[in-house]
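Quick notes on the structure that follows.
Number of protein chains: 2
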Amino acid sequence: MTEKTAPSTLARTVLQQCLHARLQVRPPDGESEGEWVEIDRGMVIYICFFKGATEEILPRMVSTLLNLKLCENDSGKYVSVFELPGNVLIVPQATLGGKAKGKGMQYHSNVGKEDGLRLYSGFVALCEKELQTGRGVTIKHGTYGNRQVLQLDTNGPYTHLVDF
Amino acid sequence: MTEKTAPSTLARTVLQQCLHARLQVRPPDGESEGEWVEIDRGMVIYICFFKGATEEILPRMVSTLLNLKLCENDSGKYVSVFELPGNVLIVPQATLGGKAKGKGMQYHSNVGKEDGLRLYSGFVALCEKELQTGRGVTIKHGTYGNRQVLQLDTNGPYTHLVDF
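Chains as they are written, first to last, in my numbering: chain V, 1 to 164; chain C, 165 to 328.
Pasting the structure below:
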């Protein structure tokens, strides 16, 4: 296995289409059963930032991801999640920055936790801002740093990788 | 967005951990409700081959993927799917070869369908062969060319990308 990530990759997203998705945003403790967010038909965005990433890349990322024609409408035509209109679930997923080394994974290219949280929060906020101008698209998101307990129901995940 | 795939990438895999996963391998028709395969705890391997890929890369791919320490055991330690022991669900996913161009995705780097089927079948066969020497690992797989209707239940998908 070779390292194929160009040094200039600043962020990585994996996109999956769903009929329904459910994500834990607060784990259960002694007093509660935990808290979940969920979306119906739409797109799950798994996201990870690399060292060197700044807020500058966020507008281009959000614009690209929300406008990519990845969602199958009732006629079988592919349209954007805006056009569907569908929903979006954003899942922080630092593991996407991993590189296999021997039998283990290393995460040396990942951005630090503080910067990662700031970039993730900025990405979510920008998606939510775009949503205000959208047509009935709901955006839900996971809690940065949490274990992302996820349940996914698809009619074909139609998995895509988009690096920035 | 820039094109970050090195020209030498021959295969792409995305790996997710699951508690349970269920994949349609024959769609429903007038006479039946369709056919599904399922696994309990283990790893989902989404796989795509690029132009230039040959059977030569399969042994290294299988060895790498089945031995990567990506599965959390009961003690919270990460071990391979062999060591867990867990199960493996292989999902053909040609969309992983896509590159964003404007608002659409292009798949010009993907291997042709015939070669893709041959490589996919070889990958599955090699995983199954490795399984015979393994300790209770079950391997299930999707039907190449089908829509991959998938249901996934995770305790954190722990999504990784491994290119070959």
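Every residue, glycine too, gets a C-beta built ideally from N, C-alpha and C.
Problem - Terminal residues of the alpha helix (DSSP H) in which MET231/C lies - result: The sequence shown places Asn at residue 231/C, not Met. Looking at the DSSP string, the run of the alpha helix (DSSP H) that includes ASN231/C is 222-231.
Problem - Simplified DSSP state of VAL124/V, which is helix, strand or coil - result: helix
Problem - CA-to-CA distance, SER273/C to PHE214/C, given in whole angstroms - result: 6 Å
Practice task
Decide if the stretch 204-222 of chain C is in contact with the stretch 121-134 of chain V; the criterion is three or more beta carbon pairs, one per stretch, under 8 Å apart.
Solution key: no
Exercise for the section: Using a Cβ cut-off of 8 Å, pull out every chain C residue sitting near VAL149/V, in sequence order please. Expected result: THR318, ASN319, GLY320
Problem - Three-state class that DSSP yields for GLN312/C in the structure shown - result: coil
Exercise for the section: Would you verify that the beta carbon of GLN257/C is, or is not, closer than 8 Å to some beta carbon of chain V? Expected result: yes
Practice task
Figure out for me which residue from THR323/C, LEU283/C, GLU199/C has the closest Cα to the Cα of GLU236/C.
Solution key: THR323/C
Problem - Nearest neighbour of VAL208/C, chosen from VAL301/C, GLY309/C, ALA264/C [CA to CA] - result: VAL301/C
Practice task
Check each residue of the stretch 241-271 of chain C: if its Cβ is closer than 7 Å to any Cβ of chain V, include it; give the result in chain order.
Solution key: SER244, GLN257, THR259, LEU260, GLY262, ALA264, LYS267, GLY268, MET269
Exercise for the section: Spatial neighbours of LYS140/V within its chain, please: CB distance less than 8 Å, with the 5 preceding and 5 following residues excluded, ordered by chain position. Expected result: LEU23, VAL37, GLU38, ILE39, ASN87, VAL88, LEU89, ILE90
Problem - Segment limits, beta strand (DSSP E) that includes ARG176/C - result: 175-182
Exercise for the section: Go to VAL245/C, then tell me how far its beta strand (DSSP E) extends in each direction, as first and last residue. Expected result: That residue, VAL245/C, is in no beta strand (DSSP E); it is neither H nor E in DSSP.
Practice task
Could you tell me which of PRO223/C, GLY198/C, SER172/C, LYS263/C sits nearest to CYS291/C, measuring between CA atoms?
Solution key: PRO223/C
Practice task
Please list the residues of the stretch 112-143 of chain V that have a C-beta atom closer than 9 Å to any C-beta atom in chain C, keeping them in chain order.
Solution key: none
Handout entry: Contacting residues, own chain, Cβ-Cβ under 6 Å from PHE287/C (five flanking each side not counted)
Key = LEU222
Exercise for the section: Tell whether a beta-carbon distance below 8 Å holds between THR318/C and LEU150/V. Expected result: yes
Exercise for the section: Please state whether DSSP places ARG205/C in a helix, a strand or coil. Expected result: coil
Exercise for the section: State the DSSP-derived secondary structure class of ASP317/C, mapped to helix, strand or coil. Expected result: strand
Handout entry: Test item: CB-CB of LYS233/C and VAL243/C under 8 Å
Key = yes
Exercise for the section: Just the C-alpha distance for LEU174/C and GLY261/C, rounded to the nearest angstrom, thanks. Expected result: 10 Å
Practice task
Compare the Cα-Cα distances from GLN257/C to each of GLU247/C, TYR284/C, GLY266/C and report the closest residue.
Solution key: TYR284/C
Handout entry: CB-CB length for ARG176/C against THR307/C, believed under 8 Å
Key = Actually they do not touch by this definition, with Cβ atoms about 20 Å apart.
Practice task
Mind listing the chain C neighbours of ASN73/V? Cutoff is C-beta to C-beta under 9 Å, in chain order.
Solution key: Under the 9 Å cutoff, chain C gives no residues; its nearest Cβ is about 14 Å from ASN73/V.
Exercise for the section: Leaving aside the five residues before and after GLY198/C along the sequence, list all residues of the same chain whose C-beta is less than 7 Å from its C-beta, in chain order. Expected result: GLN188, ARG190, PRO191, PRO192
Practice task
Would you mind sorting GLN270/C into buried or exposed? The rule is 16 or more other CB atoms within 10 Å of its CB.
Solution key: exposed
Problem - Endpoints, beta strand (DSSP E) assigned at PRO92/V - result: 87-92
Practice task
Check each residue of the stretch 213-239 of chain C: if its Cβ is closer than 8 Å to any Cβ of chain V, include it; give the result in chain order.
Solution key: ARG224, THR228, ASN231, LEU232, LYS233, LEU234
Problem - Test: THR13/V CB closer than 8 Å to a CB of chain C - result: no
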